[in-house]
Every structure is written in structure tokens, then in C-alpha cells.
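Q: Going by numbering that gives the first Met the number 0, the sequence shown runs without a break in its numbering and finishes at 304. Glycine included, each C-beta is placed from N, C-alpha and C at the ideal position. Keep in mind that this is a model prediction, so the values were computed, not measured.
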Amino acid sequence: MKVLVATEKPFAAPAVAGIKKELEAAGHQVSFLEKYTEKAQLLDAVKDADALIVRSDKITPEVLDAAKSLKIVVRAGAGYDSIDTAYAKQKNVVVENTPGQNSNAVAELVFGLLVYTVRNFFNGKSGSELKGKKLGILAFGNVGRNVARIAKGFDMEVYAFDEFVPAEKIEAQGVHAAKSRDDLFKSCDIVSLHIPATDETRKSINYDVVNQLEKGGILINTARKEVIDEDGLLKLMADRQDIKYVTDIKPDKDAEFAQFEGRYFATPKKMGAQTAEANINAGIAAARQINAYFATGDEKFRVNK
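Written as C-alpha cells, this is what we have:
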């Protein structure tokens, strides 16, 4: 089978070597399209591909139509909203992700941002500590569980809510299970978002929801920018001088958020999974999942069933 690794933002060299080794050992032919600048390059490269590994690359109906032999796409990472999964299903193309491979990297970034925030963005003035603060985690998947693990090291009081995870499973991790999303915001000093961008969650983090945070509350978003109602959050930050917002996903209205100097920070680029370890783990996991699919029909990580 021919496997195309199409990455506008390339994998690190050790990840490339690991991907190639895994796939060639299983008898597959591997080609790489890296740092491409035009969609036409991707459309041409996928024409004879049986499998595709991508990162944040957009796999649209046009791309899927061009890939006449395509059977599987694996997103090396957790989020897969850059892939038209419904259209892929219509084309009988399996779409998978690699959950958990970058979860520690994202979780560690949460605390890098939080320490920076509670110390007033390192402006030299007296800040506060994370110890004893109440941290709320919205969605208790791989990243959320890692955030909880690290938070305990800071001696924080940890809460979580996930409508798909039973309260007893959350409590079993030594974390308080909030009764609802609103209960989580009402109970905590800090809320960390780990929800995907879906029809139900887009713009769900709005004025009324965030306004429930305690005085001096911090909202941190390392998930997806689409879950934020930017207009609502801008209004809230204007109305409440105590709220802070930090994110590794630059908002569409970044220039407007920038007016809240000392209460807003966004990294220049999304960087939650930008570690050497996460890059290698996700890439090799994607290769192994393709091998398993062609060897036995394994679809364990399929997201478009």
C-alpha cells in the first residue's frame, strides 16, 4: 500500500524516521509531502495514496475526491475537526485520530500558562500561588486527566465535569465531580477547557457561563478557539476587571482582547502538542494504526463510524 504523510507543518526528524521505519517494516511504500504551500500540491500527491497521515492539515471534500484509492486517514493528534469526517464516511474512508499521544504535553502547557498568569505575566509585581486554588477541568479525557494529575502536585483542589464520564469514575481519580458545567464554573477559581469543537460546544463558553467564576477567576483554553463566544467574553472582560483569559489559540479578535493588558495572553501559535516527545509519539502511533488497519482491519480509533 502507498502511504502519504502530508504535513504542512512537518514532523520532527526522529518522528519522520520512526514513521518510515514502522510502515516500511510492514511492507508499505511511504512518501512525504512536507511544507506544501498550495492545495494543488496536496491534491496531486493524494491521487494514488491508499492511506494518509496528517497533522492539522485540512482534508476537505475536494481532497477526498482527488484521492481515488484512499482507504484511511489518520490524524496524528487528538482533534480532528480539520477533516470532513462525514464526507469521508460517504466515500468509505476510515478516519482515525491518535488520542492520548500529546495529552501530557498539553497538560504541562496548561500549568506553564497558569504560573505565568498568577505571577502577573512576570511583570515584577507580587502575584499569587496555585496552591490551594480550586481548579475546574471541563472534559475529563486524556488531557483532562493529566491536568488533574499535575494539579495535585501543586496541591490544588481539583474539580471536573464531563457529560460523558460518570461521576464515580471522576471521583475514583481523586477529583471532585461537579454536577454540571455551570456548577464547575461556580465552584472554581480557575477553569481549564478541554472540550472539542462540535455543534453543541461551539461558542458555548459565553458571557453567562464565564461570569459564574469566582472573583479573580481565570479561564484557560488549550482546546479549540471555536468553543469561545469571543464577543461575549470581550464584553465580560470589559464588565469585570478581575477576569483573566489565557490561551494557546490566538482568537479571531486577538486585537480586541489585547486591550485587556495584564489580563489576557495568547501564544503566537497553537503549541499544546509542540514538544519533541508528543510529535514523535503521535506520528509513530499513526503509522502503527495504519499497519493494524491493513493487517487485520483494526478500526479501534475510528472517529467516523
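Answer yes or no: do Val208 and Arg180 have a C-beta to C-beta separation smaller than 8 Å?
A: Cβ distance < 8 Å, so Val208 and Arg180 count as in contact.
Q: Take every Cβ of the stretch 120–131, pair it with every Cβ of the stretch 163–173, and state whether three or more of those distances are shorter than 8 Å.
A: No contact exists between the stretch 120–131 and the stretch 163–173.
Q: For the structure I just gave you, are there three or more beta carbon pairs, one from the stretch 230–240 and one from the stretch 180–198, closer than 8 Å?
A: No: fewer than three Cβ pairs fall under 8 Å.
Q: I think Ala66 touches Lys46, with their Cβ atoms under 8 Å apart; what is that distance to the nearest whole Å?
A: With 8 Å as the limit, Ala66 and Lys46 qualify as a contact, their Cβ atoms being about 7 Å apart.
Q: From which residue to which residue does the alpha helix (DSSP H) around Glu229 run?
A: First-last of the alpha helix (DSSP H) with Glu229: Glu229 to Asp238.
Q: Could you pull out every residue in the same chain whose Cβ sits closer than 6 Å to the Cβ of His175, ignoring the five residues on either side in sequence?
A: Here the set comprises Tyr158.
Q: Cβ of Ile18 within 8 Å of Cβ of Gly282?
A: Contact: yes.
Q: Suppose you measure from the CA of Ala77 to the CA of Glu61; what does that come to, to the nearest Å?
A: Straight-line Cα distance between these residues: approximately 23 Å.
Q: What does the alpha-carbon distance come out to for the pair Asn96 and Ile52?
A: Distance between the alpha carbons of Asn96 and Ile52: 10 Å.
Q: Could you name the residues that DSSP lists as bridge partners for Thr246?
A: According to DSSP, Thr246 bridges with Asn220 and Ala265.
Q: Helix or strand or just coil, what does DSSP make of Val29?
A: Three-state result, Val29: strand.
Q: State whether the stretch 217–230 contacts the stretch 246–263, with contact taken as three or more CB pairs (one from each stretch) at a distance under 8 Å.
A: Flag = yes, the stretch 217–230 and the stretch 246–263 touch.
Q: Just to confirm, are Leu328 and Asp49 a CB contact at a threshold of 8 Å?
A: Outside the shown range of the chain (0 to 304) lies residue 328, about which nothing can therefore be said.
Q: Going by Cα to Cα distance, which pick from Phe264, Tyr292, Ile289 and Thr274 is closest to Ala12?
A: Checked all of Phe264, Tyr292, Ile289 and Thr274; the closest Cα to Ala12 is Thr274.
Q: Could you pull out every residue in the same chain whose Cβ sits closer than 6 Å to the Cβ of Asn303, ignoring the five residues on either side in sequence?
A: So the qualifying residues of the chain are Thr84, Ala87, Lys88 and Val94.
Q: If we require 4 or more residues per run, which alpha helix (DSSP H) segments fall completely within the stretch 161–218?
A: For the stretch 161–218, whole alpha helix (DSSP H) runs of length 4 or above, ordered along the chain, are 166–170, 180–186 and 206–209.
Q: Helix, strand or coil, according to DSSP, for Arg148 in the structure here?
A: Note: Arg148 maps to helix in three-state DSSP.
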